[in-house]
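Chemist: Pasting a structure below so you can have a look.
Residue numbers (our numbering), protein chains in the order written: chain A, 845 to 1353; chain B, 80 to 331.
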């Protein structure tokens, strides 16, 4: 048994908390749910292995180490994945400084703050690696089964990537603390995390749009220009890719680099961890003044007052701003493709419209949860002289209004080129947003806005229904824009999802 | 004060509510306009459930609730128009300022903006919130949040103010401010109903006290009335309360 307050003792404490957190995320506390979640995970894993077999089986025995195009492709994919890991790590590292759950207790104890940071960074790196490994596992396993155990080296690359991502996230957070101060770091870090997560994908897509006229992110990586300017296959730049392909020397180098960078960043930054954590704690009581005294109270109906309140709260929510920004960023490539091909490639709408409709559905789902379930003063609204029906309807209006406002410019551009496609996409966006809102209505639970990040935990059914509904509406809109009767079939599926949601809705009981 | 001549502000007749067990059991309760009525009782006695039914946050299984002559079950919107509710852990919007919060509440109750703004400024002044009127509530202490919520409860000039443990967790200064504001409301013709665990508050503030146990009203009246009920004359409300609850438990 380890000595209390030692590094291993703190690590086992973190491990226990992390495990329980993960179990509650999967099972939501129920034994039946645990069994169902396990079955769902097994089915999902099996499906992913089949999918992996279908996509990567042909590469299992290929000699890719001397192929520059393959090295460029693998390295590009690794950088793409790493940017997502960095985004996740940045968010987790920020939470270490700002989440007050047990930090007050630990920092008030005589435990060395450096040890606390070291353990927490280790936990973040482990979590980042675990998620990445889980997602990569089907592909690695299939390649290893068909091409030999050398492919298992890819797990080592994933571990190194997670370590480097955590180190970079820590360095970035500390840099933000020093440059912009504790008050602004959280918001900026959240926005940066969202932007980094999307930036590389978007960058590749934009490059591909301009160079090849396609939205495929791999088109730019496989372009003649890229291959002509790529370094020789013996370059150290390809070490991660070579390690992926089973080069054990490259793997040792990549792993040493990853773990070394993480240890160095912890050693470098942990000295001032306590100082930054205390500065972050002071932020919660920092005041934000709003300028509006002179305008006076405005005459509005209760519905308008409620709508205005919803919009004000949405605008002042940094987490939501970063999420919305990410949604909008993901819309940039389709919008750009639309602009580049404006007027001469009408068939492209069929590719673009589903992306836009999907994004609208997902955004509406998040907004609807915040507005409907995340009501911070439920008693106040429930005791106001306004019917519950009117309150709900007003909140729905607020959500749909916000989605309509964000997506209107894209619809207008579409309509300018092809009126029918514009109208259909507008209707599709509204339908996807309305369907996501209805799903949130059916599964509404009383919660605090601050619980937004864990909204999926409260009802995985709602999460899946929301995703499938958005997909169904995206397909319906794309097919309708292509003027095919098949749209009726996918529309029926979309309505079927809503009917299913209504049937199993806790609201009916 | 002879309250029998005052109009009835709140009348509960045969109100029952059952969860796993009966929480409120055929409760009859009458509160008159212009009085401060304190509902006291042990934990789980049904105090909060009773008040949540009055303000429309719970629907009774049986019985009727009348607020200022309006049937609160058949016309809840009209009843809510003249009622304010303040819970022991008031929820306010962290991202709004007190001023914005009061504007929001006034809008929900359809109060004329000019009058609402004057009232909001008065309340902000009375409760000492002036320096923080334009700061977001996210950094406020519990006492300040309680004051903002109380201002919200009063900004629409309710006839009936219902408070669940209004002074719990407040420091002496803030508690005094809250009591003063409530007394001011009663002087202006309002009615205050509150639950409290602090018997000294009930003793000092309430015109009448209702003792509730097991979802039933077991005693009601002024402090002297209650003392007479227990057959003692020199005890505190605490002793009277404990005697009444013990008698009820023995009878059950």
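Ideal placement from N, C-alpha and C gives every residue a C-beta, glycine not left out.
Over the uninterrupted alpha helix (DSSP H) stretch that includes residue 1074 of chain A, give me the two end residues.
Modeler: What you label residue 1074 of chain A is simply residue 230 of the first chain in a count that begins at 1. Segment: none, residue 1074 of chain A is in no alpha helix (DSSP H) and carries neither H nor E.
Chemist: Could you tell me which residues DSSP pairs with residue 262 of chain B in its beta bridges?
Modeler: Here residue 262 of chain B refers to the residue found at position 183 when the second chain is read from its first residue. According to DSSP, which records beta bridges pairwise, residue 262 of chain B is partnered with nothing at all.
Chemist: In whole angstroms, what separates the C-alpha of residue 185 of chain B from that of residue 192 of chain B?
Modeler: Locating residue 185 of chain B in the second chain gives position 106, counting from the first residue. Locating residue 192 of chain B in the second chain gives position 113, counting from the first residue. Their Cα atoms are separated by approximately 8 angstroms.
Chemist: Name, please, each residue of chain B whose Cβ falls closer than 9 angstroms to the Cβ of residue 966 of chain A.
Modeler: Position 122 of the first chain, counted from the first residue, corresponds to residue 966 of chain A. Going along chain B, no residue has its Cβ under 9 angstroms from residue 966 of chain A, so there is no contact; the nearest lies around 32 angstroms.
Chemist: For residue 256 of chain B, which residues in the same chain have their Cβ closer than 8 angstroms to its Cβ, ignoring the five residues on either side in sequence?
Modeler: Start at 1 with the first residue of the second chain, and residue 256 of chain B comes out as number 177. Hits under 8 angstroms: 205, 206, 207, 226.
Chemist: Quick check on residue 164 of chain B: buried or exposed, where buried means 16 or more other Cβ atoms within 10 Å of its Cβ?
Modeler: Taking the first residue of the second chain as 1, we reach residue 164 of chain B at position 85. Buried, since its Cβ has 16 or more Cβ neighbours within 10 Å.
Chemist: Taking the alpha carbon of residue 104 of chain B as the point to measure from, which residue in B:175, B:128, B:222 has its own alpha carbon closest?
Modeler: Position 25 of the second chain holds residue 104 of chain B. Per the Cα distances, B:128.
Chemist: Taking only runs that begin and end inside the segment 256-320 of chain B, name each unbroken beta strand (DSSP E) of 3 or more residues, in chain order.
Modeler: 270-274, 287-292, 295-300
Chemist: Looking only at C-alpha atoms, which of A:1133, A:1037, A:1000 sits nearest to residue 209 of chain B?
Modeler: For the purposes of this step, residue 209 of chain B is identified with residue 130 of the second chain, where counting begins at 1. Residue 209 of chain B has its Cα closest to that of A:1133, out of A:1133, A:1037, A:1000.
Chemist: For a test of the three-state rule: what should DSSP assign to residue 865 of chain A, helix, strand or coil?
Modeler: Here residue 865 of chain A is taken as the residue at index 21 of the first chain, counted from 1. Reduced to three states, the DSSP call for residue 865 of chain A is helix.
Chemist: Can you check which of these residues, A:955, A:1314, A:956, is closest to residue 1200 of chain A by C-alpha distance?
Modeler: For the purposes of this step, residue 1200 of chain A is identified with residue 356 of the first chain, where counting begins at 1. Restricting attention to A:955, A:1314, A:956, the CA atom closest to the CA of residue 1200 of chain A is found in A:1314.
Chemist: Please report the straight-line C-alpha distance between residue 1341 of chain A and residue 1148 of chain A, rounded to a whole angstrom.
Modeler: Position 497 of the first chain, counted from the first residue, corresponds to residue 1341 of chain A. Position 304 of the first chain, counted from the first residue, corresponds to residue 1148 of chain A. Answer to the nearest angstrom: the Cα atoms are 31 angstroms apart.
Chemist: CB residue 983 of chain A to CB residue 896 of chain A, shorter than 7 angstroms?
Modeler: Within the first chain, numbered from 1, the residue matching residue 983 of chain A stands at position 139. Within the first chain, numbered from 1, the residue matching residue 896 of chain A stands at position 52. In this structure, residue 983 of chain A sits near residue 896 of chain A, with a CB-CB distance shorter than 7 angstroms.
Chemist: Any C-beta of chain A within less than 9 angstroms: which residues of the segment 169-186 of chain B qualify?
Modeler: 169, 170, 171, 172, 173, 174, 175, 176, 178, 179, 180, 181, 182, 183, 184, 185, 186
Chemist: Excluding five sequence neighbours on each side, which residues of the same chain lie with their C-beta closer than 7 angstroms to the C-beta of residue 892 of chain A?
Modeler: Reading the first chain from its first residue, position 48 is the one you call residue 892 of chain A. 982.
Chemist: Mind listing the chain B neighbours of residue 1153 of chain A? Cutoff is C-beta to C-beta under 8 angstroms, in chain order.
Modeler: Within the first chain, residue 1153 of chain A is the residue found at index 309, counting from 1. Per Cβ cutoff of 8 angstroms: 172, 175, 183.
Chemist: Starting from the Cα of residue 141 of chain B, find the closest Cα among B:97, B:90, B:317, B:287 and give me that residue.
Modeler: Looking up residue 141 of chain B in the second chain gives position 62. In terms of CA proximity to residue 141 of chain B, B:97 leads the group B:97, B:90, B:317, B:287.
Chemist: Along the chain, where does the beta strand (DSSP E) that runs through residue 96 of chain B open and close?
Modeler: Within the second chain, numbered from 1, the residue matching residue 96 of chain B stands at position 17. Run containing residue 96 of chain B: 87-97, per the beta strand (DSSP E) assignment.
Chemist: Just how far apart, CA to CA, sit residue 970 of chain A and residue 1006 of chain A?
Modeler: In the first chain, residue 970 of chain A corresponds to position 126, counting from 1. In the first chain, residue 1006 of chain A corresponds to position 162, counting from 1. Their Cα atoms are separated by approximately 8 angstroms.
Chemist: Would residue 1088 of chain A pass as a contact of residue 1348 of chain A if the rule is Cβ separation under 7 angstroms?
Modeler: Along the first chain, read from residue 1 onward, the residue named residue 1088 of chain A stands at position 244. Along the first chain, read from residue 1 onward, the residue named residue 1348 of chain A stands at position 504. Against a cut-off of 7 angstroms, the Cβ pair of residue 1348 of chain A and residue 1088 of chain A comes out as no contact.
Chemist: With 8 angstroms as the C-beta to C-beta threshold (strictly closer), list the residues of the segment 1215-1241 of chain A near chain B in chain order.
Modeler: 1220, 1221, 1222, 1223, 1224, 1225, 1226, 1227, 1228, 1229, 1230, 1231
Chemist: Consider the C-beta atom of residue 985 of chain A and the heavy atoms of the ligand COA; say whether any pair is separated by less than 6 angstroms.
Modeler: Because no ligand of any kind appears in the structure shown, any question about the ligand COA cannot be addressed here.
Chemist: At the level of alpha carbons, what is the spacing between residue 1043 of chain A and residue 137 of chain B?
Modeler: As a working note, residue 1043 of chain A is residue 199 in the first chain. As a working note, residue 137 of chain B is residue 58 in the second chain. Cα-Cα distance, rounded: 49 angstroms.
Chemist: On the three-state DSSP scale, how would you describe residue 1230 of chain A?
Modeler: Walking along the first chain from the start, residue 1230 of chain A turns up at place 386. Looking at residue 1230 of chain A - three-state DSSP - the assignment turns out to be coil, as it is neither helix nor strand.
Chemist: Are the C-beta of residue 96 of chain B and some C-beta of chain A separated by less than 7 angstroms?
Modeler: Taking the second chain and counting its residues from 1, the one referred to as residue 96 of chain B is at position 17. No, because no Cβ of chain A sits closer than 7 angstroms to the Cβ of residue 96 of chain B.
Chemist: Could you tell me the boundaries of the beta strand (DSSP E) in which residue 143 of chain B lies?
Modeler: On the second chain, position 64 is the one that residue 143 of chain B refers to. 141-146 is the span of the beta strand (DSSP E), which, as asked, contains residue 143 of chain B.
Chemist: Give the residues of chain B in contact with residue 1161 of chain A, contact being defined as C-beta atoms less than 9 angstroms apart.
Modeler: By one-based count along the first chain, residue 1161 of chain A stands at place 317. Correct list: 174.
Chemist: Using 7 angstroms as the limit for Cβ to Cβ distance, is residue 1132 of chain A near chain B?
Modeler: Residue 1132 of chain A sits at position 288 when you count from the first residue of the first chain. So, interface residue.
Chemist: Could you list the residues in the segment 146-167 of chain B with a C-beta less than 9 angstroms from some C-beta on chain A, going in chain order?
Modeler: 155, 156, 157, 158, 159, 160, 161, 162, 163, 164, 165, 166
Chemist: Can you give the Cα-Cα distance for residue 994 of chain A and residue 988 of chain A, rounded to whole angstroms?
Modeler: Mapped onto the first chain, residue 994 of chain A falls at position 150. Mapped onto the first chain, residue 988 of chain A falls at position 144. Distance between the alpha carbons of residue 994 of chain A and residue 988 of chain A: 7 angstroms.
Chemist: Over what stretch of residues does the beta strand (DSSP E) that includes residue 162 of chain B continue unbroken?
Modeler: Reading the second chain from its first residue, position 83 is the one you call residue 162 of chain B. Taken as a continuous stretch (DSSP letters only), the beta strand (DSSP E) holding residue 162 of chain B covers 162-165.
Chemist: Are residue 1031 of chain A and residue 1162 of chain A touching if we call contact CB-CB under 7 angstroms?
Modeler: Translated into positions along the first chain, residue 1031 of chain A becomes position 187. Translated into positions along the first chain, residue 1162 of chain A becomes position 318. Taking 7 angstroms as the Cβ cut-off, residue 1031 of chain A and residue 1162 of chain A qualify as a contacting pair.
Chemist: Determine the burial state of residue 154 of chain B: buried for a count of at least 16 other Cβ atoms within 10 Å of its Cβ, exposed for fewer.
Modeler: Here residue 154 of chain B refers to the residue found at position 75 of the second chain. Counting Cβ neighbours within 10 Å, residue 154 of chain B comes out exposed, since fewer than 16 surround it.
Chemist: Pairing CB atoms from the segment 210-223 of chain B with CB atoms from the segment 167-175 of chain B, are three or more of them under 8 angstroms?
Modeler: yes
Chemist: Whole angstroms is fine: what's the gap from residue 929 of chain A's alpha carbon to residue 880 of chain A's?
Modeler: Reading the first chain from its first residue, position 85 is the one you call residue 929 of chain A. Reading the first chain from its first residue, position 36 is the one you call residue 880 of chain A. Cα-Cα distance, rounded: 28 angstroms.
Chemist: Measure the CB-CB distance between residue 901 of chain A and residue 990 of chain A and report whether it falls below 7 angstroms.
Modeler: Residue mapping note: residue 901 of chain A aligns to position 57 of the first chain, counting from 1. Residue mapping note: residue 990 of chain A aligns to position 146 of the first chain, counting from 1. Result yes, Cβ atoms of residue 901 of chain A and residue 990 of chain A sit closer than 7 angstroms.
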